[in-house]
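Using the working numbering, count along the sequence shown one by one with no gaps and you end on 279.
Quick reminder that beta carbons are idealized off the backbone N, C-alpha and C, glycines included.
In what follows, a single structure is set out as structure tokens and then discussed.
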Amino acid sequence: VNVLFKGVGGAPVLNRNKFSIATTVKYQSLLVFLRKQLESKPNDPLFTYINGAFSPAPDDTISNLYKCFSTDGMLIVYYRYVVKCAIFGSHITISSVPAWG
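Here is the structure:
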């Protein structure tokens, strides 16, 4: 399945944003892969949405998501994440724009 990753708002843009992912892969594995691409820490909250609106369960398969939500032959995954502010220890959002708009 061809997967296209799109950062939302101020989320970092991937150098390469299109990947081929096996249909049997679980969505959780796709999230681990995305974290590696973003070089984010495992504890940094990562928010992802299919087609900008639907957030799948970690055990959903890429095959099922593709069948239900593919657009132009691709599964489009929007992402954003929150990082911890070093000065105050509070969380700030990298992207202040909602995933759907």
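Worksheet item: Which partner residues does N229 have in the DSSP bridge list?
Response: DSSP, once it has assigned bridges, lists no residue as partnering N229.
Discussion item. Quick check on I199: does DSSP put it in helix, strand or coil?
Written reply: In the structure shown, I199 adopts coil according to DSSP, grouped into three states.
Fill in: Terminal residues of the alpha helix (DSSP H) in which L182 lies
L182: not part of any alpha helix (DSSP H); member of the beta strand (DSSP E) spanning 180-185, first to last residue.
Worksheet item: Can you round the beta-carbon distance between L208 and I199 to whole angstroms, since I take them to be within the 8 Å contact cut?
Response: With 8 Å as the limit, L208 and I199 qualify as a contact, their Cβ atoms being about 6 Å apart.
Item to complete: State buried or exposed for A191, treating a residue as buried only when at least 16 other CB atoms are found within 10 Å of its CB.
Response: First, the residue type needs correcting, since residue 191 is Val and not Ala in the sequence shown. A residue is called buried when at least 16 other Cβ atoms come within 10 angstroms of its Cβ; V191 does not meet this threshold and is exposed.
Practice prompt. Out of G251, K184, A189, point me to the one whose CA is closest to S218's CA.
Written response: Closest by alpha carbon: A189.
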